[in-house]
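A.B. asks: Residue numbering for the sequence shown is 1 to 439, as defined by my numbering. Note that CB positions come from ideal geometry on N, CA and C, so glycine has one too. Predicted model only: the values in this text are computed from it and were never measured.
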Amino acid sequence: MSHIAPKVGFVSLGCPKAASDSEQILTRLRAEGYEISGTYNGADLVVVNTCGFIDAAVQESLDAIGEALNENGKVIVTGCLGAKGDVVKEAHPSVLAITGPHATDEVMTHVHTHLPKPHDPFVDLVPDIGVRLTPKHYAYVKISEGCNHRCTFCIIPSMRGDLDSRAIDSVLSEAANLAKAGVKELLIISQDTSAYGVDQKYKLGFYNGRPIKTRLLELCEELGKHGIWVRLHYVYPYPSVDDIIPLMAEGKILPYLDIPFQHASQKILKLMKRPANSENVLGRIKKWREICPDLVIRSTFIVGFPGETEEDFEELLAFIEEAQLDRVGCFTYSPVAGAAANELADPVPEEVKEARKERFMAVQAEISAARLAARVGRTLTVLVDEIDEEGTAICRSYADAPEIDGLVFIEDADGLSVGDFVQVEIVDASEHDLWGERV
Ligand code: SF4
Numbered sequence: 001m002s003h004i005a006p007k008v009g010f011v012s013l014g015c016p017k018a019a020s021d022s023e024q025i026l027t028r029l030r031a032e033g034y035e036i037s038g039t040y041n042g043a044d045l046v047v048v049n050t051c052g053f054i055d056a057a058v059q060e061s062l063d064a065i066g067e068a069l070n071e072n073g074k075v076i077v078t079g080c081l082g083a084k085g086d087v088v089k090e091a092h093p094s095v096l097a098i099t100g101p102h103a104t105d106e107v108m109t110h111v112h113t114h115l116p117k118p119h120d121p122f123v124d125l126v127p128d129i130g131v132r133l134t135p136k137h138y139a140y141v142k143i144s145e146g147c148n149h150r151c152t153f154c155i156i157p158s159m160r161g162d163l164d165s166r167a168i169d170s171v172l173s174e175a176a177n178l179a180k181a182g183v184k185e186l187l188i189i190s191q192d193t194s195a196y197g198v199d200q201k202y203k204l205g206f207y208n209g210r211p212i213k214t215r216l217l218e219l220c221e222e223l224g225k226h227g228i229w230v231r232l233h234y235v236y237p238y239p240s241v242d243d244i245i246p247l248m249a250e251g252k253i254l255p256y257l258d259i260p261f262q263h264a265s266q267k268i269l270k271l272m273k274r275p276a277n278s279e280n281v282l283g284r285i286k287k288w289r290e291i292c293p294d295l296v297i298r299s300t301f302i303v304g305f306p307g308e309t310e311e312d313f314e315e316l317l318a319f320i321e322e323a324q325l326d327r328v329g330c331f332t333y334s335p336v337a338g339a340a341a342n343e344l345a346d347p348v349p350e351e352v353k354e355a356r357k358e359r360f361m362a363v364q365a366e367i368s369a370a371r372l373a374a375r376v377g378r379t380l381t382v383l384v385d386e387i388d389e390e391g392t393a394i395c396r397s398y399a400d401a402p403e404i405d406g407l408v409f410i411e412d413a414d415g416l417s418v419g420d421f422v423q424v425e426i427v428d429a430s431e432h433d434l435w436g437e438r439v
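#1: Rounded to a whole number of angstroms, what is the C-alpha to C-alpha distance between Val-47 and Ala-5?
#2: How about Thr-113 and Val-107: do their beta carbons lie closer than 7 angstroms?
#3: Report all residues from its chain with a CB closer than 6 angstroms to the CB of Ile-268; omit the five preceding and five following residues, and keep chain order.
#4: Taking only runs of the alpha helix (DSSP H) that begin and end inside the region 5 to 36, which ones reach a length of at least 4 residues, in chain order?
#5: Using the beta-carbon of each residue, find all residues closer than 6 angstroms to any heavy atom of the ligand SF4 and list them in chain order.
#6: Does the Cβ-Cβ distance between Tyr-40 and Gly-9 come in under 7 angstroms?
#7: Take Ala-167 as the anchor and find which of Glu-321, Pro-275, Gly-415 and Ser-144 has the nearest alpha-carbon.
#8: Is it right to say Lys-201 is buried, meaning 16 or more other beta carbons lie within 10 angstroms of its own, or is it exposed?
#9: What span of residues does the beta strand (DSSP E) with Asn-49 cover, start to end?
#10: The alpha helix (DSSP H) spanning Asp-388 covers which residue range?
#11: First and last residue of the beta strand (DSSP E) that includes Gln-59?
#12: For Thr-50, count the other beta carbons within 10 Å of its own beta carbon; 16 or more makes it buried, fewer makes it exposed. Which is it?
#13: With distances taken from CA atoms, which of Asn-72, Leu-163, His-226 and Leu-115 is nearest Ala-195?
#14: Measuring CA to CA, which of Trp-229, Lys-213, Val-198 and Ser-22 is closest to Ala-175?
#15: Within 10 Å of its beta-carbon, does Arg-378 have 16 or more other beta-carbons around it, so buried, or fewer, so exposed?
#16: With distance defined between alpha-carbon atoms, name the residue in Arg-284, Val-422, Ala-264 and Ala-374 nearest to Asp-326.
#17: Rounded to whole angstroms, what's the CA-CA distance from Ala-345 to Lys-353? Just pull it up for me.
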C-alpha cells in the first residue's frame, strides 16, 4: 500500500548550537517517516527553530515566524526565543505550540498532535547518522547543554539551565558514525567545553565494552582515534586544559583552542563573573606554547563593559599585545534584556565604546596579520571546503574554524574534491587569508 508522507517545513536560525538541535529534530522527523519540505506551501506544518540571544536575533526570529504563518499557517516554534514564550505569543498569537531549546521530544509531541505520524514500519527505523545541516565533510558535535556559570552579560543559563553533559557513549557513538559516514572534521561545541562531565562527577561510562570517564581529556583521547580533525570550541583556561595540550602536540586533536576571554582586567572579569578569571592566563598560554608551539588561539572580547575605565582598557590592550592571539573578535558591550549586567553602575558612553573597539582592533589586526604572515613558507595540510566557478579550491588549515576564521586558497583545484585533505606550501598571506600551492 502506498502512502503520502506528511511534510514538515523547517526553518533553522541562530548559532551552531541551535543548528545541532535542528539536526536532532530533523533526524527524528525523518526517522518517523515525515518528509522535509524545502518550501512553506509544500509543507503541512512548519517548525521554526529560533534564536533569542541578542535583540536583533529576536526580531529575525519573530519575522521568520510571521513569514511561516503567512505562507503556511501551521507553525510550531522551538529554540531560545521559545523559552520566552510570552514574547512569541504576543507577536504571533496563532502559533500552534512553543517550546524552549533542546526540546526534541516536546517538539515531536506537538508535531504528532497537529500532523499525525505516518504508519510505515519500514521508515520507523532511526538511521545511524543524523540529518546534518553543515556540509557533509564537517559536523558539529554538541557535548553538553546549559552552563553552571552566571556571567552577568549572558542569559543563556536562564534559558538553557545548568550544565547537563551528554553521556560519553552517546557522544562517542555519534562521532564514530560521523567518521564512518566520511566526515573529516568534528567541531566540539557546548557552552563550556572544559566543564564536560563536571555535573556527572566525571562518572565512568562504557563505550564498546571499555570503561571511559565522562571528562574532556578522555573524550579527546577517544575522538583522536578516528584520524580526522577534532576542533575544540568554547574552552575556558582551567588548569585541566593543560592536560589536553600534549594531545595537540602529538597531533591527536587539532592544536586549536577557541577561548572566549572577554577581558583581561581582574576588576572587569569580576564584574562579568567570568569563569577561570583568577587563573594566570598569560603564564598558562606561555606554557601551552612551550608544549605545543603550533597552538592557535582564537578569542572574543567585550569592550565598554559597565565600569570599564581607560586604565582597565589599557590593561586589556597590554594583554593582547603580550598574548599574541591568532584570531580575535571584539564587540562593544550591549545590554541584553534580562542580563544582570544591565544593573551595573557606570555605563560607558557609546562613542567611548566605539573608539575603544577601534583602538583594540588596530592593535590586534597587526598581531593577527604578523602571525598569519609567519606561516608563509610552511607546508600545511588543508581541507577543501568548496571549489568555486573559477576553479579555485577554498580550503582551511588547522588554524581556521569554518565560518569564523580565515581561508586558504589553492588557485589550481584540478583533481581536487570537497572534503579532500591536501598538502600545500603557503606562498602568500593577506590580513585574513592565505594562498597555497600543492606540494
Ligand atoms: S560561561 Fe558565561 S557566557 Fe558562557 S554560557 Fe555560561 S554564563 Fe553564558
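C.D. replies: In brief:
#1: 16 angstroms
#2: no
#3: Phe-305, Glu-308 and Asp-312
#4: 16 to 31
#5: Cys-147, His-149, Arg-150, Cys-151, Cys-154, Ile-156, Pro-157, Gln-191, Asp-192 and Pro-275
#6: yes
#7: Ser-144
#8: exposed
#9: 45 to 50
#10: It is not in any alpha helix (DSSP H) - Asp-388 carries neither H nor E in the DSSP assignment.
#11: Not the beta strand (DSSP E): Gln-59 falls in the alpha helix (DSSP H), residues 55 to 71.
#12: buried
#13: Leu-163
#14: Trp-229
#15: exposed
#16: Ala-374
#17: 15 angstroms
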